[in-house]
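The sequence shown lines up with residues 1 to 69 when you count with the working numbering. Remarks on the structure that follows.
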Amino acid sequence: MTVIAKGARLLKAPGGTNLYYQTSSVTLGGVQSMDAIIDTTDVPPGTYFLYTHHFTGPTTEIQITPLLP
């Protein structure tokens with residue numbers, strides 16, 4: 001995934017240069033936010049879960065569906 005923003009602010013240098021970065025995991029506190037773009041090219045259709053390493057933490061899912069003609 002490509003992280004493009006944290007705390008509702010785009011990751012940009014003062015001159016406007018992108019500071020986006022690629023990662024496969026993120027660490028967030030309870031009130032933090034992050035915006036990421038996930039490239040699902042070549043990922044089979046299905047439901048994929050995003051989860052926390054803490055058993056009591058929240059989970060969410062991403063549903064990938066085939067493109068319609």
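Backbone N, C-alpha and C define an ideal beta-carbon position, used for all residues, glycine too. Keep in mind it's a predicted model, so treat the numbers as computed, not measured.
Residues of its chain near residue i, where Cβ-Cβ distance is below 7 Å and the 5 sequence neighbours each way are ignored
i, result
"lysine 12", "Asn18 and Leu19"
"phenylalanine 49", "Thr59 and Glu61"
Beta-carbon proximity list for residue i, same chain, < 8 Å, skipping 5 on both sides
i, result
"valine 43", "Ile64"
Alpha carbon of residue i to alpha carbon of residue j, nearest angstrom
i, j, result
"glycine 46", "valine 3", "23 Å"
"leucine 10", "methionine 1", "15 Å"
Closest Cα partner of residue i within the set the options
i, options, result
"methionine 34", "Thr41, Thr40 and Thr23", "Thr23"
Close Cβ partners of residue i (< 6 Å) along its chain, the five nearest in sequence each way excluded
i, result
"histidine 53", "none"
For residue i, three-class secondary structure by DSSP
i, result
"alanine 5", "strand"
"threonine 47", "strand"
"aspartate 42", "coil"
"glutamine 32", "coil"
"threonine 52", "coil"
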